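Encoded as structure tokens, the structure appears first; notes follow it.
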Amino acid sequence: MSNLKSIAESVVEGDDKKVEELTKRAIADGVGIAKILDDGLIAGMETIGELFGRKEAFVPELLLSARAMQAGMKLLEPLLVGSGIKPIGKVALGTVKGDIHNIGKDLVGIMLKGAGFEIIDLGVDVPPEKFIDTVRAGGIDIVGMSALLTTSMSMMKTTIEALDTAGLRKQVKIIIGGAVVTQDYAESIGADGYGANAAEAANRAKKLLGLKGDQK
Ligand code: B1M
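For the sequence shown, the working numbering assigns the number 128 to the initial residue and increments by one for each residue that follows.
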């Protein structure tokens, strides 16, 4: 079995120690970071998600898998993040109110940091008022929102409307994403950009600020 497949399986099994060990080995072997993420960590989360969808896995297993994925992400983060360079922009990033999924958001944060952005991580279950307060405090170029649930998706629209009502909408670009979100949905609620995955989110963010979007 390839190391990446083992990483994916260990994420499914929720074995954080094994994920850590195998991720370390993959890094030492010179496997690309994007490959470790896509074919190892994310592939594992996708599998546990499918099992959950078929009622063959339950919330405790999902939590263990999430913890295992994060053990791998912790090792990849420093490799993705540039050091000592002046930020190219500031992003306020959060998972919207009613939604506590953080893995995709964190991954987007890591990729944005790697692309040179400073990140204000607002966490999960973020109400519109918190986005508003953060933008009002100044210095934010982009608001990034994540949603994984059909039920929390509409909170993105609510947040954009709230920013508009507060007179702050025009001073920021808004980018959204998450498993349930699509380009069409982003356009329909007046977001400026959509990312299908973390790398795309980073490219999109750069383009929104008029910077070159190409990304490793
Ligand atoms: Co939840 N969950 N969950 N869950 N969970 C999903 C999302 C679900 C699809 C599972 C399923 O039914 N197959 C389903 C949603 C169905 C729907 O609404 N359409 C679901 C459900 C129903 C629920 C609960 C309601 C379950 C319950 O309690 N009965 C509950 C809701 C809690 C809440 O939020 N209020 C719940 C809870 C949980 C756990 C806490 C157990 C756990 C989260 C742990 C954590 O985050 N710390 C969990 C997990 C792990 C999942 C799955 C299995 C994996 C999510 C994940 O981390 N994926 C998920 C099934 C699945 O997606 N296959 C599922 C990996 C991550 C890297 O992908 O987040 O999509 P993702 O991010 C991607 C892109 O979407 C994009 O880039 C990322 C990297 O490529 N992206 C952006 C994300 N944000 C972006 C922002 C951007 C741009 C791109 O711009 C700013």
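Where is the CB? At the ideal position from N, CA and C, for every residue including glycine. Quantities reported herein were computed from a predicted structural model and do not represent experimental measurements.
Residues bridged to residue i (per DSSP)
{"i": "VAL253", "result": "VAL223"}
{"i": "ILE154", "result": "None; ILE154 has no bridge partner."}
{"i": "TYR312", "result": "Answer by DSSP bridge pairing: none, since TYR312 is not bridged."}
{"i": "GLY304", "result": "SER273 and GLY322"}
For residue i, the nearest candidate out of the options (CA to CA)
{"i": "HIS228", "options": "MET272, LYS217 and LEU290", "result": "MET272"}
{"i": "LEU202", "options": "ILE163, GLY171, GLY176 and LEU220", "result": "ILE163"}
{"i": "GLY243", "options": "ALA329, SER137 and LEU131", "result": "ALA329"}
{"i": "ILE154", "options": "GLU204, ASP233, SER281 and SER192", "result": "GLU204"}
{"i": "LEU220", "options": "ILE303, ALA135, GLY180 and ASP165", "result": "ILE303"}
{"i": "ALA193", "options": "GLU147, GLY294 and ASP311", "result": "GLU147"}
{"i": "GLY317", "options": "GLU288, ALA161 and ILE215", "result": "GLU288"}
{"i": "THR222", "options": "VAL253, ARG152 and THR292", "result": "VAL253"}
Own chain, CB closer than 7 Å to residue i, minus 5 neighbours either side, in chain order
{"i": "THR278", "result": "GLY225"}
{"i": "LYS343", "result": "Interpretation of LYS343 is limited by its pLDDT of 37, a score under 50 that renders its predicted location unreliable; the figure taken from the coordinates is listed afterwards. Hits under 7 Å: none found."}
{"i": "LYS145", "result": "SER137"}
{"i": "ARG152", "result": "ASN130"}
Pair within 9 Å by beta-carbon distance, residue i and residue j
{"i": "ILE247", "j": "ILE267", "result": "yes"}
{"i": "GLY305", "j": "LEU275", "result": "yes"}
{"i": "LEU178", "j": "VAL139", "result": "yes"}
{"i": "LEU131", "j": "GLY176", "result": "no"}
{"i": "GLY199", "j": "LEU249", "result": "no"}
{"i": "LEU207", "j": "LYS232", "result": "no"}
{"i": "VAL218", "j": "ALA332", "result": "yes"}
{"i": "MET280", "j": "VAL307", "result": "yes"}
{"i": "GLY171", "j": "ALA135", "result": "yes"}
{"i": "ALA184", "j": "ASP142", "result": "no"}
{"i": "GLU245", "j": "GLY265", "result": "no"}
Cut-off 6 Å between Cβ atoms - residues of its own chain near residue i, not counting five sequence neighbours on either side
{"i": "LEU335", "result": "LYS300, ASP319 and GLY320"}
{"i": "ALA313", "result": "ILE303 and TYR321"}
{"i": "GLN234", "result": "In the sequence under discussion, the amino acid at residue 234 is Leu, which differs from the Gln named in the question. So the list reads ALA325, once near-sequence residues are dropped."}
Own chain, CB closer than 8 Å to residue i, minus 5 neighbours either side, in chain order
{"i": "LEU290", "result": "PRO255, PHE258, ILE259, VAL262, VAL270, ARG296, VAL299 and ILE301"}
Residue i (DSSP reduced to helix, strand or coil)
{"i": "PHE244", "result": "strand"}
{"i": "VAL299", "result": "coil"}
{"i": "GLY216", "result": "strand"}
{"i": "SER273", "result": "strand"}
{"i": "LYS334", "result": "helix"}
{"i": "PHE258", "result": "helix"}
{"i": "VAL139", "result": "helix"}
{"i": "ALA293", "result": "coil"}
{"i": "GLU183", "result": "coil"}
{"i": "SER129", "result": "coil"}
{"i": "ALA264", "result": "coil"}
{"i": "GLY199", "result": "helix"}
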